[in-house]
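Chemist: Attaching a single structure in structure tokens format; questions to follow.
Protein chains: 4
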Amino acid sequence: MSHNSFGHLFRVTTWGESHGPAIGCVVDGCPPRLALSEADIQPWLDRRRPGQSQFTTQRQEPDAVRILSGVFEGRTTGTPISLVIDNLDQRSRDYASVADRYRPGHADLAYDLKYGIRDPRGGGRSSARETAMRVAAGAVARLVLGPGVSVRGALVQIGPHPIERARWDWEEVGRNALFCPDAGTVPVWEAYLGAVRKRGSSAGAIIELQAEGVAPGLGAPIYAKLDADLAAALMSINAVKAVEIGAGFSAAEFSGEQNADPMRLRDGEVVFGSNNAGGILGGISTGQPITARFAVKPTSSILTPVQSVTRSGHEVDVATPGRHDPCVGIRAVPVGEAMLACVLADHLLRHRAQNPGPTQNPSQTPC
Amino acid sequence: MSHNSFGHLFRVTTWGESHGPAIGCVVDGCPPRLALSEADIQPWLDRRRPGQSQFTTQRQEPDAVRILSGVFEGRTTGTPISLVIDNLDQRSRDYASVADRYRPGHADLAYDLKYGIRDPRGGGRSSARETAMRVAAGAVARLVLGPGVSVRGALVQIGPHPIERARWDWEEVGRNALFCPDAGTVPVWEAYLGAVRKRGSSAGAIIELQAEGVAPGLGAPIYAKLDADLAAALMSINAVKAVEIGAGFSAAEFSGEQNADPMRLRDGEVVFGSNNAGGILGGISTGQPITARFAVKPTSSILTPVQSVTRSGHEVDVATPGRHDPCVGIRAVPVGEAMLACVLADHLLRHRAQNPGPTQNPSQTPC
Amino acid sequence: MSHNSFGHLFRVTTWGESHGPAIGCVVDGCPPRLALSEADIQPWLDRRRPGQSQFTTQRQEPDAVRILSGVFEGRTTGTPISLVIDNLDQRSRDYASVADRYRPGHADLAYDLKYGIRDPRGGGRSSARETAMRVAAGAVARLVLGPGVSVRGALVQIGPHPIERARWDWEEVGRNALFCPDAGTVPVWEAYLGAVRKRGSSAGAIIELQAEGVAPGLGAPIYAKLDADLAAALMSINAVKAVEIGAGFSAAEFSGEQNADPMRLRDGEVVFGSNNAGGILGGISTGQPITARFAVKPTSSILTPVQSVTRSGHEVDVATPGRHDPCVGIRAVPVGEAMLACVLADHLLRHRAQNPGPTQNPSQTPC
Amino acid sequence: MSHNSFGHLFRVTTWGESHGPAIGCVVDGCPPRLALSEADIQPWLDRRRPGQSQFTTQRQEPDAVRILSGVFEGRTTGTPISLVIDNLDQRSRDYASVADRYRPGHADLAYDLKYGIRDPRGGGRSSARETAMRVAAGAVARLVLGPGVSVRGALVQIGPHPIERARWDWEEVGRNALFCPDAGTVPVWEAYLGAVRKRGSSAGAIIELQAEGVAPGLGAPIYAKLDADLAAALMSINAVKAVEIGAGFSAAEFSGEQNADPMRLRDGEVVFGSNNAGGILGGISTGQPITARFAVKPTSSILTPVQSVTRSGHEVDVATPGRHDPCVGIRAVPVGEAMLACVLADHLLRHRAQNPGPTQNPSQTPC
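Residue numbers (my numbering), protein chains in the order written: chain A, 820 to 1186; chain B, 820 to 1186; chain C, 820 to 1186; chain D, 820 to 1186.
Shown next, in the form of structure tokens:
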């Protein structure tokens, strides 16, 4: 058990604060002999990197990752992979006043309640800066999953504005700074976020994830169900308040026959007529695409003043100037993808530990 | 790591199949010297027990729990508590045909894909019967939390019919068989479920949980956040497809200032003007009530035929006769409560391991 | 983390007290489709069963194991295997006086110091009766390892009397009640133990274990080394005070060239000229036989009075009448074997999770 | 589960290779508000540092530790503590020949068998260089234990030469480069080691550890016994082949009455007449000093040629020139101390999680 680790066999431990000298992670359990260099990780970090548009924090961090262990002559050795990113743009300023006031909606108060001490510089450990290491670990997880598995995500709603799903185009996600799969919605969001920024506010968002090519059989009932582990992984991302798999909350309104994805055979393989299950039944992957969504609340560090209290016991109105994301949900897209990749890699290892044979085709199982 | 265990310091391991001789669990890590007897557990099991209304399965199980270890002269000894419930009403019938057909929406196929074998009798391990042991463990967890903590739940939606929240009355929950907090909605649900049953279908539901009296400071960032562990615990319940904390998905539509719960001081204590956070900030409890909701899909075992395939590789239409809950969400209320209680008990132990002093009042912290 | 569980992927959780209604264990993570019935477990339990000679406790327990879950039609399903043994011969007698006095050398005092309560009936949880469940789990572990792996043990010393290693005969171990591999030593031990019993004393012992046919590559450095896990597993057995692998303490006196087992090739396979390493280098199995030894202290429940104190704070001399093993080390042989088998099964699963390919032959590795 | 982590609540994850750019560790679960700076760690590292006498490797490493996270203004924050040491003296030389030959007694072969790849530079991950991070973590563990707990160790045997225990003087340990508590033995060992070095050989050793001031009640039966966890922690140190607690193997020769440490009362506290138990009964600390010993085999990297094989499948004689410790057991003293400190810190946290009250005095327990 470790508070700052996740996964069991593909196990990631992260460390570091927003304004400390560096952040890092240790990826343990990675299979040996995988080709791995910084070039396999950096592109994913670049997608999450701050300062790339007016809708994310203006903090300038190259987020250049270094591999300090676990790789020899370009291949993983099976020993722990240590990844480090130096913090370069920690503005030195007086944080004494910040240290005394709790930002409403932020973890400030909670950390102090728990530990009786906190690092107030840029949010310390509770900063979303930590998520860079999740993205780095996710890049390694993608190598474990192999090229046959595709893990990707998109923003499907900002504030009250959802995309139009009929216009979904995965190619479009890479063309705009908002990870939006619907070109028609991009200007709507840009206008909305512009107004949000102007009035010193922030916006929430909903992210959708999909993994294709996932082998059936991943997930270990009862308490290591694939969807349970995925729910924890996504809920652990900063500012996330909700997670759903497949049809999610909508399933509550379905009838049994609407909800049950019908099965047919095509070339001896099971194919499904729909995917309300999100690719997971009984906590186990079925071979259908894994689909999940999660909601990110609006950034709590805003210019608009909100009633709060100080550590020394006074009431105060807190407005938070600084370089904050007006919509932290945007950069949550690569983070969510990374968490999904890590969960899948972990379950791939767990599955083959208990089930050494090839994943079963049910129509061919002899037993 | 164990697939069939949850919690870390208050740790529960369950075993057993729907139609095996018994089901059981081992609760490890329970503090010593707590008064505990079967009478502390049985009432909670009775709330979940099948056969109590026409809207739950007609299987007759007294669900009488026995304590086989860990208690001496009415007090816990700190050693593992073994709890067992005998299965009495496993109807013996030919399950050969069932064994060959995969019920759409059910875990049948997934278990077979994973293990190449499954126990088809009543769903085997994937049956919701397993949740009885969660409720039993939850009863022990309540004792760990002590009388100052109240953990309760209610059904807030069945199919397309939500309750009217203005009429919420916790007392009402115990007065009807549907765990409904709104007396006015009970007849609506009864009529709806009656129709659902009559046409051989099933209905989904949404459950809301609340824990009051939870000390601030519980939850261990980054990867053992209270809400992340709670999300996993709830998502691990059979048929659950979505989980949200506090405002949940609604938070995506809030502005930053709407979402941030304002803080004031009352008698030196922090009080909040709202609870969009659901009592959890940065993964740590704040002292506000913990609130969560989860969605349960409609029962997949229904009389209405759905397209499916057989193990031997043929297409088939599957209708599932038997004694199934038309709305498995109803009995998920005590199960959800139990999972919340277990997560809180586990985090209480985890918190005091790292933080031996009393939980801090931030306005008094001297450090 | 669970105090009463061991192993990670092949994971065993035990419960129960010496004089409670039953003892049991849950074996989680066992691969599916293995043939398993009570008949695969009972013979191993019979080897450990009390009352079989004058040198073990006279408590009469058939130790008949029942499988309550995890097996369907004679095959494991991949779900948790629940094993239970009823306690039949718990003599009802007044244990009030026992409850107040701490037996020197026994866990009585320590449990009370830790928990502030203990179950004094027959030692409660600290009784060696718990080891029956280790043997049961070990029987399942042997099936996971398969017929190619042989795990066996023998007693090599009782009190001051070691066997003569030149006369070692594995066949002899099954022919005498003392698990002695040296026929010539059996009468020596019988005479010695007879005298020990007569004067109300007890004797210690040393057990040697060997596993042949273990694949190379098992063990996960740095902190899950095969020998580290084995050391913990053996040290966790009641009354064990020392563990050594291969040459063990003797290695401290060797020179480097004496200690290093020389390697040659035979038919393309590496063969070793000696086995000081006990089959483990760097925490990883090499393919040589795994060898280990552990020391069991003399039973602390003896008729000879020893100075002690009472719970209520008085000095007292404690003599412990009852049905105790004069040499608890005898029955530790099957227990030690079981722990070795469980550790190997766990590491087999762990290894193949990270290393999906076949275990490497170093002279054929292409990478 | 992580292969490269140990401890559960006080949890240490190490990473890094002998000749990579750096080695490091993450210490998670450390209580907040402890005063901690590099100056608290460096002195312990200096005791283990290479190049301090002719009897340890001549590699020159300042082993200067840096704290990269988890500390704010000189106090721990409860978040993960990242510690890093740069590798400075990695001699660049051709290791191609080394990479092809397996040093007998070394982990070379085993790593290759397991992973099909290894980092041959200085032993890579299997190098004893990793133990520097154990010492660093141990320094933090000492702060968790507090000043009332003293953890120390000494070398008690090198090759065939044990110390004379009657001359034991803890002060002497710090006065010589061999951690010898017996001034009279120092010249004996120096002469012996000088001869060993001269003939290109190496020597084994035995280390003894002691922890005083440990609260009673630490250790969690059955499978997290204090001695079981200690056995694993010590056996995980490079080159260790044996571990014993208290009387250890000697206990096998004792009679029951010799072995059982008699108890008397002094000022209401339990005092023991001897300490064969090594301060641990039933896996739980009793308040007596914890004592343990472990054996370190002679360094396998020696100049004397030993028969071996190559990766490409040829027989060869291997002599290992280089800067190796002729007796790796010497520097194992601070490493063993660190492991003991870490195990105790972990169990202190585990104990108070389950047992929130003060550790019990048995003669005052009211329950």
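C-beta: ideal position from N, C-alpha, C; glycine also.
Give the residues of chain B in contact with residue 829 (chain C), contact being defined as C-beta atoms less than 8 Å apart.
Modeler: Locating residue 829 (chain C) in the third sequence gives position 10, where the first residue counts as 1. The premise fails here: residue 829 (chain C) is roughly 10 Å from chain B at the closest Cβ pair, so nothing lies under 8 Å.
Chemist: Residues in the same chain with beta-carbon distance under 8 Å from residue 856 (chain B), minus the five sequence neighbours each way, listed in chain order, please.
Modeler: As a position in the second sequence, residue 856 (chain B) is number 37, starting the count at 1. The residues are 886, 890 and 893.
Chemist: Please return the same chain residues whose Cβ sits closer than 8 Å to the Cβ of residue 881 (chain D), not counting the five positions on each side in sequence.
Modeler: As a first step, residue 881 (chain D) must be located in the fourth sequence, where it is residue number 62. So the list reads 868 and 907, once near-sequence residues are dropped.
Chemist: At a CB-CB cut-off below 8 Å, which residues of chain B make contact with residue 1094 (chain A)?
Modeler: Here residue 1094 (chain A) is taken as the residue at index 275 of the first sequence, counted from 1. Ordered by position in chain B, no residue passes the 8 Å Cβ test against residue 1094 (chain A), which lies about 11 Å from the chain.
Chemist: To the nearest angstrom, how far is the alpha carbon of residue 1108 (chain C) from that of residue 934 (chain C)?
Modeler: Residue mapping note: residue 1108 (chain C) aligns to position 289 of the third sequence, counting from 1. Residue mapping note: residue 934 (chain C) aligns to position 115 of the third sequence, counting from 1. Near 41 Å, if we compare the C-alpha coordinates of residue 934 (chain C) and residue 1108 (chain C).
Chemist: Mind reading off the beta-carbon distance from residue 923 (chain A) to residue 1079 (chain B)? Whole number of angstroms is fine, and I expect it under 8 Å.
Modeler: Position 104 of the first sequence, counted from the start, is the residue given in the question as residue 923 (chain A). Position 260 of the second sequence, counted from the start, is the residue given in the question as residue 1079 (chain B). So it is a contact: roughly 4 Å between Cβ atoms.
Chemist: Identify whether residue 1054 (chain A) lies in helix, strand or coil by the three-state DSSP scheme.
Modeler: On the first sequence, residue 1054 (chain A) is found 235 positions in, with the first residue counted as 1. DSSP places residue 1054 (chain A) in helix when its eight states are reduced to three.
Chemist: Specify the secondary structure class of residue 863 (chain A) as computed by DSSP and reduced to three states.
Modeler: Along the first sequence, read from residue 1 onward, the residue named residue 863 (chain A) stands at position 44. In this structure, residue 863 (chain A) counts as helix in the three-state DSSP scheme.
Chemist: Whole angstroms is fine: what's the gap from residue 932 (chain D)'s alpha carbon to residue 1034 (chain C)'s?
Modeler: Counting from one through the fourth sequence, the residue named residue 932 (chain D) turns up at place 113. Counting from one through the third sequence, the residue named residue 1034 (chain C) turns up at place 215. Taking the straight line from one Cα to the other gives about 10 Å.
Chemist: Alpha carbon to alpha carbon, what distance is there between residue 1171 (chain B) and residue 1132 (chain A)?
Modeler: Within the first sequence, numbered from 1, the residue matching residue 1132 (chain A) stands at position 313. Within the second sequence, numbered from 1, the residue matching residue 1171 (chain B) stands at position 352. Spanning the two alpha carbons is a distance of roughly 25 Å.
Chemist: Does residue 1160 (chain C) have its Cβ less than 8 Å from a Cβ in chain A?
Modeler: The sequence position of residue 1160 (chain C) within the third sequence is 341, counting from 1. Closer than 8 Å: no.
Chemist: With respect to the beta strand (DSSP E) encompassing residue 972 (chain C), which residues constitute its N-terminal and C-terminal limits?
Modeler: Position 153 of the third sequence, counting from 1, holds the residue named residue 972 (chain C). It spans 969-977 - the beta strand (DSSP E) in which residue 972 (chain C) sits, taken as one unbroken run.
Chemist: Going along chain A, which residues have a C-beta under 8 Å from residue 921 (chain D)?
Modeler: Position 102 of the fourth sequence, counted from the first residue, corresponds to residue 921 (chain D). The premise fails here: residue 921 (chain D) is roughly 16 Å from chain A at the closest Cβ pair, so nothing lies under 8 Å.
Chemist: Return yes when the Cβ of residue 956 (chain A) is within less than 8 Å of the Cβ of residue 1056 (chain A), no when it is not.
Modeler: Indexing the first sequence from 1 puts residue 1056 (chain A) at position 237. Indexing the first sequence from 1 puts residue 956 (chain A) at position 137. No, Cβ-Cβ distance for residue 1056 (chain A) and residue 956 (chain A) is not below 8 Å.
Chemist: With a threshold of 16 other CB atoms inside 10 Å of the CB of residue 1181 (chain B), please say whether the residue is buried or exposed.
Modeler: Here residue 1181 (chain B) refers to the residue found at position 362 when the second sequence is read from its first residue. Interpretation of residue 1181 (chain B) is limited by its pLDDT of 43, a score under 50 that renders its predicted location unreliable; the figure taken from the coordinates is listed afterwards. Counting Cβ neighbours within 10 Å, residue 1181 (chain B) comes out buried, since at least 16 surround it.
Chemist: Note down the Cα distance separating residue 835 (chain C) from residue 1142 (chain D), rounded to an integer number of angstroms.
Modeler: Here residue 835 (chain C) refers to the residue found at position 16 of the third sequence. Here residue 1142 (chain D) refers to the residue found at position 323 of the fourth sequence. Answer to the nearest angstrom: the Cα atoms are 54 Å apart.
Chemist: Could you check whether the stretch 1073-1093 of chain D touches the stretch 1022-1033 of chain D, counting it as contact only if at least three pairs of C-beta atoms, one from each stretch, sit closer than 8 Å?
Modeler: Judged by Cβ distances under 8 Å, the stretch 1073-1093 of chain D makes no contact with the stretch 1022-1033 of chain D, as fewer than three pairs qualify.
Chemist: Given this structure, state the Cα-to-Cα distance separating residue 1068 (chain C) from residue 1113 (chain C), to the nearest angstrom.
Modeler: For the purposes of this step, residue 1068 (chain C) is identified with residue 249 of the third sequence, where counting begins at 1. For the purposes of this step, residue 1113 (chain C) is identified with residue 294 of the third sequence, where counting begins at 1. So the alpha carbons of these two residues sit roughly 12 Å apart.
Chemist: Under three-state DSSP, which class holds residue 844 (chain B)?
Modeler: In the second sequence, the residue the question calls residue 844 (chain B) occupies position 25. In the structure shown, residue 844 (chain B) sits in a strand (DSSP, three-state: E or B).
Chemist: With a cut-off of 8 Å, does the C-beta of residue 932 (chain B) fall near any C-beta of chain C?
Modeler: Position 113 of the second sequence holds residue 932 (chain B). For residue 932 (chain B), the answer is no, since every Cβ of chain C falls outside 8 Å of its Cβ.
Chemist: To which residues of the same chain is residue 824 (chain A) closer than 7 Å at the C-beta, ignoring the five residues directly before and after it?
Modeler: As a position in the first sequence, residue 824 (chain A) is number 5, starting the count at 1. 830, 831 and 832.
Chemist: Is it right to say residue 1021 (chain D) is buried, meaning 16 or more other beta carbons lie within 10 angstroms of its own, or is it exposed?
Modeler: What you label residue 1021 (chain D) is simply residue 202 of the fourth sequence in a count that begins at 1. By the neighbour-count rule (16 or more Cβ atoms within 10 Å), residue 1021 (chain D) is buried.
Chemist: May I ask you to list the residues that DSSP assigns as paired with residue 834 (chain B)?
Modeler: The residue given as residue 834 (chain B) occupies position 15 in the second sequence. Note: residue 834 (chain B) sits in a beta bridge opposite B:843.
Chemist: Using the Cα positions of residue 1016 (chain D) and residue 1145 (chain D), report the straight-line distance between them to the nearest angstrom.
Modeler: Numbered from its first residue, the fourth sequence carries residue 1016 (chain D) at position 197. Numbered from its first residue, the fourth sequence carries residue 1145 (chain D) at position 326. Roughly 6 Å between the two C-alpha positions.
Chemist: Any chance you could list the alpha helix (DSSP H) runs of at least 4 consecutive residues sitting entirely within the stretch 890-969 of chain B, in chain order?
Modeler: Listed in chain order, they are 915-919, 927-934 and 950-964.
Chemist: Closer than 8 Å is the cut-off here; do at least three beta carbon pairs connect the stretch 869-879 of chain C with the stretch 842-855 of chain C?
Modeler: The stretch 869-879 of chain C vs the stretch 842-855 of chain C: no contact.
Chemist: Report the partner residues of residue 1028 (chain A) according to the DSSP bridge assignment.
Modeler: Along the first sequence, read from residue 1 onward, the residue named residue 1028 (chain A) stands at position 209. Residue 1028 (chain A) is bridged to A:972 and A:1111.
Chemist: What does residue 1124 (chain D) reach in chain B if we use C-beta pairs closer than 7 Å?
Modeler: Along the fourth sequence, read from residue 1 onward, the residue named residue 1124 (chain D) stands at position 305. Here the premise fails: no neighbours, minimum Cβ distance about 44 Å.
Chemist: For residue 1099 (chain A), which residues in chain D fall below 9 Å Cβ to Cβ?
Modeler: In the first sequence, counting from the first residue as 1, residue 1099 (chain A) sits at position 280. Residues of chain D passing the Cβ test: none, with the nearest at roughly 23 Å.
Chemist: Run through DSSP, which three-state label would residue 1089 (chain D) get?
Modeler: Counted from its first residue, the fourth sequence places residue 1089 (chain D) at position 270. Three-state result, residue 1089 (chain D): strand.
Chemist: Just to make sure I have the definition right: I need the residues of chain A whose C-beta is within less than 7 Å of the C-beta of residue 841 (chain D). Which are they?
Modeler: Taking the first residue of the fourth sequence as 1, we reach residue 841 (chain D) at position 22. Within 7 Å Cβ-Cβ: 887.
Chemist: Let me confirm a value: residue 973 (chain C) is counted as buried when at least 16 other C-beta atoms fall within 10 Å, else exposed. Which label applies?
Modeler: Residue numbering aside, residue 973 (chain C) sits at position 154 when the third sequence is read from its first letter. Buried: at least 16 other Cβ atoms inside 10 Å.
Chemist: Under 7 Å between beta-carbons, which chain C residues line up against residue 848 (chain A)? List them in chain order, please.
Modeler: Numbered from its first residue, the first sequence carries residue 848 (chain A) at position 29. Within 7 Å Cβ-Cβ: 1173.
Chemist: Taking Cβ-Cβ distances shorter than 7 Å, what residues in chain F pair up with residue 1042 (chain C)?
Modeler: In the structure shown, chain F does not exist; the protein chains are A, B, C and D.
Chemist: Could you give the distance in angstroms between the alpha-carbon of residue 1184 (chain A) and the alpha-carbon of residue 970 (chain C)?
Modeler: Stepping through the first sequence from its first residue, residue 1184 (chain A) is reached at position 365. Stepping through the third sequence from its first residue, residue 970 (chain C) is reached at position 151. Bear in mind that the predicted position of residue 1184 (chain A) carries a pLDDT of just 35, short of 50, making it unreliable; the figure below should be weighed with that in mind. Near 32 Å, if we compare the C-alpha coordinates of residue 970 (chain C) and residue 1184 (chain A).
Chemist: Consider the Cβ of residue 1014 (chain A): report whether some Cβ of chain B lies at a distance smaller than 8 Å.
Modeler: Indexing the first sequence from 1 puts residue 1014 (chain A) at position 195. Not an interface residue.
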